[in-house]
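Chains A and B, in that order, give the protein sequences. Take the first sequence: its position 12, counting from 1, is numbered 12 in my numbering, and each next residue is one higher. Throughout, my numbering is defined as the position within the second sequence, counted from one, plus 1000. Virtual Cβ for every residue (Gly too), placed ideally from N, Cα, C. Below you'll find the structure, written out as structure tokens, and then a few comments.
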Amino acid sequence: MYSIIVVPPPTPEDTRDRTQIRLAPGERLAFGRSERGNGLRIAHDGVSRRAGEIAAQGVFWTLSNLSAHQTYVVENPEGAGEHIKVGPGRLQAPVPFEFSRIVLPAAGDLLPLEVWAPRHDYVRAGEGADGETTAPAFSVDRTKRYFAVLAALCEPRLRGTPHAPLPTVEQVVSRLRPTWPAASRTAVQWNIDYLAVKLRLKPGPETAETGPRLNGKKESLVSLALRFDLVREDDLVVLAEPSGRPVR
Amino acid sequence: MTEPYAVTVPRGYRVGRWEVREPIATGAFGSVYAARPAGGAGGRELPRTAALKFLPTGTGTPRQLAHLRELVEREVRLYHRLRQPRLIRMYEMLTVDDPADPRLDGATVLVLEKAESSLSALLAGGSRPAGGPALLAQVCEGLAQLHRAGWVHGDLKPANVLLLADGSARLADFNMAAELEGTHAYTPAFSTPDYTPPELLWSEIGERGRRIRPSADVWAFGVLAHLVLTGSFPLPGGTPTARRDAAVAYARGTDELRLSPELPDVWRTIVRECLTRTHADRIGTQALLRRVTDAAGTGRSARLPRPFSRLSRPFARRGRRARALLVLGASAATAAVAALGYGISTWVDGGPPGSGGGSGDVAAASYGAAELRTDRGVPAAYRLLIVETAHDCARREVTPPLIAAMLKAESNFDPDLADPVKDEYGIARWTPSVLRWWMHDDGTPGDTVPQPPFPPAESVPAMGRYLCWIAPRLDPGLPGDRRVLVAAAYRTSYAKVNDAGGVPPKYRDYAAHVAHYLKEYTPPGGK
């Protein structure tokens, strides 16, 4: 029943997968240079001993800045520069973004601490928010990049071939590039991983195996998305133009 | 998203034996219309009214089609497999064959029992229904019938509890229902937040949907009971989101459950047992049914309060049009939500469903009055069960007066009868090892010999199934009233009755008893 995921700054020991810390509503995570036990230790001399605290509220979270002098910036990586500043000593500042990057200034370095709020709710057209309506268990933001990635993955099957092979990550990158010039393999892969978290995809048997089995995850995402109408044919407008047509 | 897609069907349109009447409601996935048997096609076997649910399975993009078809199939599968007194029933399923009208051609039409209103409309009136406990007992019976048959409803809420003209409650909307596979079932990942147990909030979802257990319906029942009895949700918060967060906090153990002080003590215990933090601690459905029946007093006494006078009042208040329409709009829309599953938004026109008027104060006390006398002491609480059980059997010997007379003779309508010496229990005096063969409505025996108590909701339908099986096995040439012979065979066996060439001497007293009450309970001019 977690609602917030904290992804600590990468450390040299991190191999492929970065650690994720999951917080349920009401849980708190303190971070700093001297945190022990349940806290998140950030081993960098430029970070305060008790640097701050992240608290999961319902589906959103708050940030307390416990440092004496530093202002923390919380960025929305997809928000075209959208950010909030949390000054020293400010307690429980609410953060409204689905994805956030807390940038901790640390003696010349900038340490990114990512926080995801995958449970944000979005209204579906034609439905009220009264809680009486039978609603899908998923809530996706159609303006986010993950939705474009999902749409690109579903596109071949939505365009009429039910058993069309799924596009590769490279194909998705080139499909999205017209609307998202900075698209890269890593960024697309990151969004696929995030979608699996967001849609609460049950880990398939392939997770037991070693090595990247991305096809399994992509396949599951697409079949879930199509089955529950998360992406429909008319949603494909988030993609630049129908594939196959020359780009001018 | 696209505009809600309504299937427009002209008034007077013929589908099979049905003639479409006024629209009831429409939504993104289909439309519901009132219908009556088409001229001449009537006859005794067709009900006088029905609700036709049109699902545009013949149109739409291939993707939408597959999606819709799955929901339809889910619902139809359940209707085909289950016919229970507390579930809205499907009379038949039709496919429109009308090449001239491509919008309708190929549409799936479910012909459903027509409801008068829904629990949601009843609650929308603001005040608490006086007959809340009795109504909850009926809802719980419906759940027990579903669960016993191996299904999970998956979306129990007031809008999915329909109320028939006689005031009895039926569960409806089986788009989300799923058949159990072991301890779990897979349902589409749709739910109504206020009625979703905490373990399903943000639960993992596989490609087959989400795994749910019958205990999810039990949680929803706890929420529903609290709402019906106190007018408020059990978890605090002004919005569904706040209540969901409260449910999460409660489930994590960081918060206690604080139920409304208005909840009577006996119900407080029941609601607590439904709303446990984990699914494993939740009360089982059969135990819940016993508790609810006791709390409602429907198990023992014959009293069924009259919750439905309030329901019918708006229909009568025709003069004050603005207000009446508001209320009716709500009731119609909720009934439609129930009938369609989800995505319903628009109320088609001003008229209420079943606005024929005169539905009046028909309570359970007069249920089936044409076939079973109301003035001879058949407890009102069992009338519906008795009448519907008899209707489930096509044999003409198995009638409401016969079942009532037998219950009278067996136990004097005592649901708590326990006779360990003879090994007979409950209102129908079932012997556990015999009940085992008749306990499931699909004809399969129980895995184990059931343990008493056997509540009426189990005992009576099982009795009906057994009688229905006995009737054709009695020799056609036997003298005497066939109904009494069936009753005697229930007491002993059809083989013994056949061998004796009638009621065996040992059972003559019993047979005379049954014959006496048969006469008592049969309305004048009846069979």
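query	result
C-beta atoms of glutamate 114 of chain A and valine 47 of chain A nearer than 9 Å	no
Which listed residue (B:Ser1459, B:His1513 and B:Val1460) has its alpha carbon closest to that of leucine 1485 of chain B	B:His1513
Neighbour flag for glutamine 20 of chain A against chain B, beta carbons, 9 Å	no
Same chain only: Cβ atoms within 8 Å of leucine 201 of chain A, ignoring 5 sequence neighbours per side	Leu195, Lys217, Ser220, Leu221 and Leu224
Buried or exposed (CB count within 10 angstroms, at least 16 for buried), arginine 1048 of chain B	exposed
Proximal residues to isoleucine 250 of chain A (C-beta, below 6 Å), its chain only, five neighbours per side dropped	Outside the displayed span of chain A (1 to 248) sits residue 250 of chain A, for which this structure offers no information.
Buried versus exposed call for histidine 1147 of chain B [16 or more other C-beta atoms within 10 Å across all chains shown]	buried
Chain-ordered chain A contacts of alanine 1249 of chain B [CB-CB under 8 Å]	Pro25 and Gly26
9 Å Cβ cutoff, glycine 58 of chain A in contact with chain B	yes
Residues that asparagine 1160 of chain B bridges to, as DSSP identifies them	Paired residues: none, contrary to the question.
For serine 64 of chain A: DSSP bridge partner residues	A:Glu53
Sheet register partners of phenylalanine 264 of chain A (DSSP bridge)	The structure shown does not extend to residue 264 of chain A, since chain A is modelled only from 1 to 248, so the question has no answer here.
Cβ neighbours of glycine 87 of chain A in the same chain (closer than 7 Å, five flanking residues each side left out)	Asn65 and Thr71
Residue range of the alpha helix (DSSP H) that includes alanine 1409 of chain B	1400–1411
Beta-carbon spacing of proline 1234 of chain B, valine 1223 of chain B below 9 Å	yes
Element boundaries [alpha helix (DSSP H), containing arginine 1383 of chain B]	1380–1391
Where serine 1031 of chain B meets chain A, residues with beta-carbon distance less than 9 Å	None at all; the shortest Cβ gap to chain A is about 15 Å.
Alanine 1365 of chain B versus alanine 1380 of chain B - alpha carbon distance	4 Å
Sequence-distant residues of its chain with Cβ nearer than 6 Å to lysine 198 of chain A (five each side left out)	Pro118
Buried versus exposed, by CB contacts within 10 Å (16 or more), glutamine 1451 of chain B	exposed
For arginine 1077 of chain B, the three-state DSSP class (helix, strand or coil)	helix
Where arginine 1089 of chain B falls: helix, strand or coil (DSSP)	coil
C-beta atoms of glutamine 1138 of chain B and alanine 1169 of chain B nearer than 9 Å	yes
Check: alanine 164 of chain A C-beta below 8 Å from any heavy atom of the ligand NAP	Of the ligands one can find in the structure shown there are none, so the ligand NAP has no counterpart to examine.
Bridge partners - aspartate 109 of chain A, DSSP secondary structure assignment	A:Ala106
C-alpha distance - asparagine 1175 of chain B paired with leucine 1052 of chain B, whole-angstrom precision	16 Å
Spatial neighbours of proline 165 of chain A in its chain, beta-carbon cut-off 8 Å, leaving aside the 5 residues before and after	Pro156
Backbone CA spacing between valine 1387 of chain B and histidine 1440 of chain B [nearest angstrom]	19 Å
Proximity to glutamate 78 of chain A [Cα-Cα], best of A:Leu91, A:Arg177 and A:Tyr146	A:Tyr146
Beta bridge counterpart(s) of glutamate 1179 of chain B as assigned by DSSP	B:Trp1151
Span of the beta strand (DSSP E), counted from its first residue to its last, around isoleucine 1212 of chain B	1210–1212
Beta-carbon proximity of lysine 1114 of chain B to alanine 1159 of chain B, cut-off 9 Å	no
Min CB distance glutamate 1204 of chain B to chain D below 9 Å	This model lacks chain D altogether; the protein chains it does include are A and B.
N- and C-terminal bounds of the beta strand (DSSP E) containing glycine 32 of chain A	28–32
C-beta neighbour in chain B for tyrosine 2 of chain A, strict 9 Å	yes
Within-9 Å CB hit, phenylalanine 138 of chain A to chain B	yes
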